[in-house]
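One structure below.
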Amino acid sequence: MNRILSLGYSPCPNDTFIFYALVHGRVKLPAIGIRERLEDVETLNQLARAGQLDLTKISYHALGHLRERYALLRSGGALGRGCGPLVVAPGALDMAGLRGKRIAVPGRLTTANLLLQLYGSGYENLEIMPFDQILAAVAQDRVDAGVIIHESRFTYAEHGLTAVEDLGAWWERQTGLPIPLGGILARRDLGPELIGQVEEGIRRSLAYAYAHPREPRAYIRSHAQELSDAVIDSHIALYVNDFSLELGAEGEEAVRELLRRAEMRGLIPSCSLPLFV
Numbered sequence: 003m004n005r006i007l008s009l010g011y012s013p014c015p016n017d018t019f020i021f022y023a024l025v026h027g028r029v030k031l032p033a034i035g036i037r038e039r040l041e042d043v044e045t046l047n048q049l050a051r052a053g054q055l056d057l058t059k060i061s062y063h064a065l066g067h068l069r070e071r072y073a074l075l076r077s078g079g080a081l082g083r084g085c086g087p088l089v090v091a092p093g094a095l096d097m098a099g100l101r102g103k104r105i106a107v108p109g110r111l112t113t114a115n116l117l118l119q120l121y122g123s124g125y126e127n128l129e130i131m132p133f134d135q136i137l138a139a140v141a142q143d144r145v146d147a148g149v150i151i152h153e154s155r156f157t158y159a160e161h162g163l164t165a166v167e168d169l170g171a172w173w174e175r176q177t178g179l180p181i182p183l184g185g186i187l188a189r190r191d192l193g194p195e196l197i198g199q200v201e202e203g204i205r206r207s208l209a210y211a212y213a214h215p216r217e218p219r220a221y222i223r224s225h226a227q228e229l230s231d232a233v234i235d236s237h238i239a240l241y242v243n244d245f246s247l248e249l250g251a252e253g254e255e256a257v258r259e260l261l262r263r264a265e266m267r268g269l270i271p272s273c274s275l276p277l278f279v
């Protein structure tokens with residue numbers, strides 16, 4: 003009888019593109035079944051903190067709080083260049099002018115918020131809200147600024163907003179490394195053999211999507227109904243790349259550097275366990 007593993011990921015096009023083949027049986031794992039759960043990234047972060055998911059997409063900020071229970075996988079994540087969160091606001095503001103102001107973030111444990119806190123002090127007056135509500139909140143002056151992720155990067159100008167800072171570009175200038183946004187975790191108690199099978203299955207699922215790019219479209223659109231095909235394609239092109247297939251040495255260095263800086267600032271607890279199984 004198959005063992006059923008719960009897999010959490012977001013309804014965003016990059017995740018539905020990556021996991022389509024795995025959850026629809028195009029890629030099969032020996033004696034393993036996958037039950038998907040689609041939630042926004044901060045909900046996934048909190049579900050993982052409660053240990054409710056066997057496998058899950060998470061923010062790398064959340065990883066800093068989850069290392070005792072979960073191990074990182076080397077495939078399926080979002081890491082790259084030119085794809086970091088943006089700070090947006092009405093009018094011509096700079097980051098110094100936002101200190102002490104109300105800033106909307108898509109979750110306290112998101113990498114977007116971690117980068118904001120690593121940027122400097124004075125950005126603790128946060129309003130936590132789903133990522134897809136931030137643009138409207140900023141445009142309607144319910145907050146002074148917002149940190150946006152996902153497809154909001156492509157649409158903020160339509161709301162009359164301007165980019166104050168690209169936190170991903172700031173990270174790249176500071177470190178020379180790509181920005182780690184989200185990774186895939188597996189519960190450590192699944193064991194190395196099972197985790198290895200899942201990791202290989204994710205790589206094969208992404209390879210299938212690359213080989214059959216039109217097949218997942220209906221599934222992607224069913225979870226991104228308000229997005230145009232052009233935005234969907236741009237989203238996938240930005241967030242799915244070689245690092246999604248294999249984190250590699252540079253990707254691993256970027257993750258470790260993010261966690262190191264967060265530990266130094268006291269933003270996450272230290273952990274002696276290995277990052278990978």
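According to my numbering, the sequence shown is numbered sequentially starting from 3.
Glycine is no exception: its CB is placed at the ideal position from the N, C-alpha and C atoms.
query	result
Residues in its own chain within less than 6 Å of Leu277 by CB, not counting five upstream and five downstream?	Leu74
Between Gly84, Ile105, Ala139 and Ile270, which lies nearest to Trp172 when the distance is taken from Cα to Cα?	Gly84
Tell me whether the beta-carbon of Ala114 lies closer than 9 Å to the beta-carbon of Leu40.	no
What are the uninterrupted segments assigned as beta strand (DSSP E) that are 3 or more residues long and contained completely in the stretch 131–206, given in chain order?	147–150, 164–168 and 181–189
Cys14 to Asp42, Cα distance in whole Å?	8 Å
Give me the residue from Glu252, Val145 and His152 with the minimum Cα distance to Tyr104.	First, the amino acid is wrong: residue 104 is Arg here, not Tyr. Answer by Cα proximity: Val145.
Check whether the stretch 255–266 touches the stretch 110–125, taking contact to mean three or more Cβ pairs, one atom from each stretch, closer than 8 Å.	yes
Just to confirm my understanding: we take Arg110, look at its own chain, exclude 5 residues before and 5 after, and list those with CB closer than 8 Å. What are they?	Glu44, Leu128 and Ile130
Please go through the same chain and pick out, in chain order, the residues whose beta-carbon is closer than 7 Å to the beta-carbon of Glu265, but skip the five residues on each side of it.	Ser272
Starting from Gly2, follow the alpha helix (DSSP H) in both directions and report where the run begins and ends.	Outside the displayed range of the chain (3 to 279) lies residue 2, so it cannot be described from this structure.
Excluding five sequence neighbours on each side, which residues of the same chain lie with their C-beta closer than 7 Å to the C-beta of Ala211?	Phe19, Ile20, Tyr22, Ala23 and Pro218
Could you tell me the alpha carbon to alpha carbon distance between Phe156 and Val233, rounded to whole angstroms?	7 Å
Could you please give me the residues that DSSP links to Val90 through a beta bridge?	Gly148 and Ala165
When burial is assigned at 16 or more other CB atoms within 10 Å of the CB, is Pro87 buried or exposed?	buried
Please return the same chain residues whose Cβ sits closer than 8 Å to the Cβ of Leu179, not counting the five positions on each side in sequence.	Trp173, Glu252, Glu255, Ala256 and Glu259
Helix, strand or coil for Gly99 per DSSP?	helix
Rounded to a whole number of angstroms, what is the C-alpha to C-alpha distance between Leu95 and Gly203?	46 Å
Give the straight-line distance between the Cα atoms of Asn47 and Asp56, rounded to the nearest whole angstrom.	13 Å
Who does Gly82 pair with in a DSSP beta bridge?	Ile181
Identify which residue in Val29, Leu9 and Asn4 has its Cα closest to the Cα of His214.	Val29
Mark Glu70 as exposed unless 16 or more other C-beta atoms lie within 10 angstroms of its C-beta, in which case mark it buried.	exposed
CB-CB under 8 Å to Pro32, same chain, minus the five flanking residues each way: which ones, in chain order?	Gln199
Figure out for me which residue from Gly78, Leu100, His237 and Gly148 has the closest Cα to the Cα of Pro108.	Gly148
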